[in-house]
Each structure stands twice: as structure tokens, then as C-alpha cells.
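Numbering (my numbering), first residue to last: 23 to 700. Taking it in order: structure first as C-alpha cells, then the write-up.
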């Protein structure tokens, strides 16, 4: 038996569908003999349509691409950027619809979805699907999932994860040619209606620091104005803009402040003065969507700031790909390479570590921690396996697992606090020995707003963190709209403030001429980057913190019923036209399988090559989540032939977290699609 999810029943396709791209149905013949009518699109409302509701019938004649996404998910954000050139090139035949399918409770709210569409520059129509109606109709199982529908309304392909842009372009070309010849293709503008622009000083500010030792800039605030693709320097009070660095247009140009470009910059850190003078730049910036580290030399007041590229190639690091390092095909982890020779993956925050004398990088895109040495320009992988999850490390020999590392802060003892957003966790890394411990948080699908003992406390997608003068930790609990506090001595969590609009970072502000006394600590306050309010907000530290008990939650999606013994996992992957599997270094496919709780899998967990796996499940564990990561590598070339020397190569990857329930006699095969075509 094969594990399936139900799909909408269509007049022309009465059969239920399995995982995307694997369904069969009785329908008119198609390119491979199977045609499945696309289910209707159902949700709460439409965005970017000028107030109009749409049906698939309204889109007949267009190639339709459904992007099942949720805005917490870094892989979904990667796909948004992968789609931009495709949407531009095929805009006269292609309509992209982002089907927003939330993971976290906060992502179900109307305001949050609207803000995400604006924040990430989503320039296509969006269906808001808070109850996952369309998600279930299309049997989506992972964020992101892409489904392609032809001009006659039939599903022709479904694919999960990242890296599908080349294959998508090929399919769109084929569909456009086929349906132009049939007379069923309509060229022209689609239903997308851009929103009216809004003028603001800041737009979704990400991170903020106070400049310490940059001559002529001491005490000023520097803000990553992420939505404006720039940096903004304020006076010490945060009330007057002194300069803006960057044109405000998304790009990656180096140069003076009025020509330099960023793409959604994030973390900022200042180098020690002697090192900055030697390196030639004062600041290191996490240029998140460009997958770069940038250096900024501020210069004397009145002089132009200068931006340079320090690390990254501008292309995204893809786990398992053989071209992540320039001129070193097949290089594998752990990486230690010249910064401009290696690809990065959505660096979200950066921190100067006095302990390691390096810039520490929260590499959100591949769930790791890296560092950068300004003296040598070398980047290295410091912590993490690139597997997504929550696993601690007793030493560097037992690598930790993270999930979208998003915030960094130094601790007084030389360790580093980490906001691990997708596990809603506060973690602690010791860069000296590689140990990682979780202070607050349980796993990928557990969150909430619950204070009290740390083991029972819950956060919801935190993005920022800062150590307070008393040694406790302030956490920007982003999706709860709160600042939380963790006390390492009592191992308890409390709430310092709530009612904030997506706080993304915290700066501790000490009184002028502070000397580190208890009185200074009592007079300290917080400056919060209140991202969705587009402002910096001063927050006092109350003498007595709140204790909130709104409970723990879990991501809820329909569970897949499977048997309570042997289980076969089969992942489908169809190589796009014009490509072949890249087998130059062995099997180009790989599966990593684990579970929550770990006891769910009795045998068969771990990583190995191939796209299938035999598991034995523990019948005493009746429910849980299977975590499955699939990767496949291909290059441009013809099947049966050699891969050309300078062929473009492609890495396809997806992480599934599949809720399962065990039942005697249940399905013993679980089929998934990394890339399937009909």
C-alpha cells in the first residue's frame, strides 16, 4: 500500500492524487498519457489583484505556476528570488500565484501576510490560504512546493524545494511552444496589480548597532534598512538621519554610498579599530539576499562611505553541489576557503567575536554558523551539518543541527547566543570547543507563548538576541511580538514587553558614562528594531517581568497514516529536458532521514546515497514527524553523453517534515516528489 493524501475531486479527474506530480487520473491523453485537472484555488482572499477574486477559468490560456510558500521559511524566500528572472522573461505567458500556506500561528493573520508580501517584494498575485485548503487539494507536503499548470488547466509538473529555475524555464518554453501551435496560449499582461508605493524613512529594519570606535561616528546608530536595500546612520538618539548608504534599489554593486547596492541587508558588526585600519573597512554587513558579506568604510563625516565585497560570489551555496567553491569542483564540508571563492547562503546576522577574533556568521540559508577572518579573507564552516533540526553538540566531533540561524549576540564568557528561528529556540555556542546547548526550544514544529521553566517555555520564530548587563538574555520573539528574557541562573523565561510589531533585533542601551555597575544595569533600556512598524522603539526593562501563559502549540497539518512496521520511502526525481544526472563524483542523489521523536525510527535513519530508503518503525511510538531531505545534482547535457567541460550544473534539494500516525495494516510505502512531471 502507498501513503497518500486526499485531493479535490474534479469532473475530469475523479481519482485521488498522491504526493504532487505522482497522481494518475482518467482524463484526455497528454504528453505522457496522463492528464490531471488542476483543482480550483480556494482561500481567504487574493492579494495583488486590485481587489479582484480569481478562478482557474479566468487564467485559461496562461501557463500558471503555483508557489506554495510560507514567509518564515528561508527556502521559500530563496525560491522567490529564483522566480524573479523567470517571471520577467515569461511575463506575457506566465502567471505566478503564491499560495501562502502558514506554518506558524502568526502567519495565519491577515496583517502578517500583507506585510510579508510587501517586505519580500513579491511581485505576483498571492492567494491567502490560512486553512491550507488549496495546499491539501494539491497534496503539498513541503515548503516550498511548485506546481505548473498548462493553459488548458491541467497539472503538468510538481516539484519541491529549491534549484528548479532551469528546469522550470525549459518546461515553460515547451508549454508555450506546444500551446501556441494548438492555439490555446494567450499572450499579454496577467492579473497582477502592483500596490501603491509607500514613503517611509525605514522599511522593515532588520538589525541595529551602536557605532563604538569609528572616528567621527562614535555613538551613532546604524540600521539595516532591509526593505530599502540600504543602511541608514542615525544620530545617537535615533531621531535624525545622518546618511544613507546604498541607492535603495536591489542590486550588488560595490562603490561609494550613492552608487552601492544591497539586497535586503541584515546583520551589521563593527571591527576593532586596529583591525579596521589594517583591513580598510570599519563594518561587516550580512547582505542576505545577495549571499554576500560586504565591507563598509564610513570615512570622516561628510565623506562618502565605500562598500566592497568581502566574501561570497553572489550565487547561493547549494548543499551537496560540486561547484560551491570556485576552481575546486567537488569540494565538500567542512569548508575553509578564500571568501570570494566560495558561495554563501543567506547570511542573516554577523558578530565580531573577541574570543575567536573572527566575524561569526549566522548562515540561515543552510542552517549553520560560519566565520570570516578579516586578516586573511578566509571563510570557514564553524558549526552545524547543514541538516535542518534541533540537535545539540557535546564537541566539534558531534556537529549540532540548527534551523535558520538568525540572530547572534556575545556572552560575557566568550560564548555566543543564537536565535535559531525555525526551531523557535535559544541556543548557545562555545566557539572554543564547538559545544552547542539549547536553552529554550523543543523542535521544528513546537512553538508558543509560554513563560516559566525553560524546559516548558515556548517562543515563536525569534530573530534577535542580546545579553543584558545582569547576564540574562533578551530575545526578540518576533512572531509573538514580544521581548522575552531568559535567566541562565534560574533557567526560567519571562516577558519584558509585548505588543510589538515583529521585533527583529535588540540593542542594549546603557546610561552615558556607564562603568558596569549594578546602578548602570538598572538604568539600561532596550532599543528594538520593530520591523513591521518600520521604526526603532525604546523599551524599558521592567523591575518585574510579566509571566505569560498562553500555552505551547505545534504546527498542525493533516497526518499521513502509515504502517507500524516496515516502511519504504521513495522520492521521485525527473531530470529536466536538456540535463542529465551529474555522476562524475559518484551517485548524485542522496537521502537524509530522521524523526521526531528519534525513537519513531527503529532502523534505517541517517544519510546515504540514493532516492529510496527502507525503514523499520517502532510500533510503540504511534505518531511523530518524519524528517526527510532529498538532494539530486544534474548538469546540462544529453542523456548517455558526457557532461561538457563548462556545463551549467544544478542542485535540487528539499526538506520534508511529514506528520505521521502509525496504524496496523497502514500504508507501507511513502512516495514523495523532488521533481515530477506529467
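Don't be surprised by glycine CBs; every beta carbon is placed ideally from N, CA and C.
Measure the CB-CB distance between residue i and residue j and report whether it falls below 8 Å.
i, j, result
"residue 503", "residue 524", "yes"
"residue 194", "residue 71", "no"
"residue 328", "residue 319", "yes"
"residue 310", "residue 287", "yes"
"residue 632", "residue 651", "no"
"residue 528", "residue 548", "yes"
"residue 426", "residue 386", "yes"
"residue 289", "residue 138", "no"
"residue 634", "residue 590", "yes"
"residue 395", "residue 404", "no"
"residue 223", "residue 242", "no"
"residue 273", "residue 246", "no"
"residue 321", "residue 303", "no"
"residue 414", "residue 446", "no"
"residue 83", "residue 208", "yes"
"residue 626", "residue 638", "yes"
"residue 440", "residue 454", "no"
"residue 230", "residue 490", "no"
"residue 601", "residue 182", "no"
"residue 448", "residue 505", "no"
"residue 483", "residue 94", "yes"
Exposed or buried, which one is residue i when buried takes at least 16 other CB atoms within 10 Å?
i, result
"residue 48", "Unreliable placement is indicated for residue 48, whose pLDDT of 26 sits below 50; no coordinate value is reported for it."
"residue 259", "exposed"
"residue 54", "In this prediction, residue 54 has a pLDDT of 48, which is less than 50 and means its spatial position is unreliable; what the coordinates show is noted afterwards. It counts as exposed."
"residue 161", "buried"
"residue 184", "buried"
"residue 271", "exposed"
"residue 57", "buried"
"residue 79", "exposed"
"residue 564", "exposed"
"residue 264", "exposed"
"residue 51", "For residue 51, the pLDDT reaches just 33, beneath the cut-off of 50, and the residue's location in the model is therefore unreliable, leaving the point undetermined."
"residue 235", "exposed"
"residue 164", "buried"
"residue 68", "buried"
"residue 61", "buried"
"residue 471", "buried"
"residue 619", "exposed"
"residue 607", "exposed"
"residue 111", "exposed"
"residue 217", "exposed"
"residue 560", "exposed"
"residue 437", "buried"
"residue 507", "buried"
Rounded C-beta distance between residue i and residue j? I'm assuming under 8 Å.
i, j, result
"residue 293", "residue 374", "6 Å"
"residue 586", "residue 684", "4 Å"
"residue 456", "residue 418", "3 Å"
"residue 598", "residue 189", "3 Å"
"residue 546", "residue 530", "6 Å"
"residue 670", "residue 689", "With 8 Å as the limit, residue 670 and residue 689 do not qualify as a contact, their Cβ atoms being about 39 Å apart."
"residue 568", "residue 517", "4 Å"
"residue 495", "residue 479", "Wrong, their Cβ atoms sit about 12 Å apart, outside the cutoff."
"residue 759", "residue 336", "Nothing about residue 759 can be read from this structure; the chain reaches only from 23 to 700."
"residue 691", "residue 592", "6 Å"
"residue 696", "residue 654", "6 Å"
"residue 151", "residue 66", "7 Å"
"residue 629", "residue 603", "Going by Cβ atoms, the distance from residue 629 to residue 603 rounds to 18 Å, so no, they are not a contact pair."
"residue 118", "residue 129", "About 20 Å; that fails the 8 Å criterion."
"residue 682", "residue 581", "6 Å"
Compute every distance between the C-beta of residue i and the non-hydrogen atoms of the ligand MG, then say whether any falls below 7 Å.
i, result
"residue 640", "What this structure holds is no ligand at all, so the ligand MG is not there to describe."
Subject >> Secondary structure, beta strand (DSSP E): runs of 3+ residues fully inside the region 208-292 >> reply: Counting only runs of 3 or more, we get 230-232, 243-247, 252-256, 263-267, 287-292.
Original post:
For the 8 Å Cβ check, are there 3 or more pairs between the region 121-129 and the region 188-203?
Top reply: no
Original post:
Are the region 148-168 and the region 86-105 touching, with three or more C-beta to C-beta distances below 8 Å?
Top reply: Under the three-pair Cβ rule at 8 Å, the region 148-168 counts as touching the region 86-105.
Original post:
Hey, which unbroken runs of the alpha helix (DSSP H) at 4 residues or more fall wholly within the region 481-545?
Top reply: 540-545
Original post:
When the Cβ atoms of the region 97-114 are set against those of the region 134-146, are three or more pairs found closer than 8 Å?
Top reply: yes
Original post:
Are the region 398-407 and the region 347-359 touching by the rule of at least three beta carbon pairs closer than 8 Å?
Top reply: yes
**OP:** Any chance you could list the beta strand (DSSP E) runs of at least 3 consecutive residues sitting entirely within the region 615-700, in chain order?
**Re:** 623-625, 628-631, 634-639, 645-658, 671-684, 691-699
**OP:** Report the residue ranges of all beta strand (DSSP E) runs contained in full by the region 171-212; include only those spanning at least 3 residues, in chain order.
**Re:** 176-182
Original post:
Is there contact here, the region 273-280 with the region 337-346, by at least three beta-carbon pairs under 8 Å?
Top reply: no
**OP:** May I have a chain-ordered list of the alpha helix (DSSP H) segments no shorter than 4 residues that lie completely inside the region 70-125?
**Re:** List check, alpha helix (DSSP H) in window: 96-111.
Original post:
Taking the runs of the beta strand (DSSP E) that are 3 residues or longer, which of them lie wholly in the region 357-406?
Top reply: Fully enclosed beta strand (DSSP E) runs of 3 or longer: 358-360, 369-375, 380-385, 390-395, 400-405.
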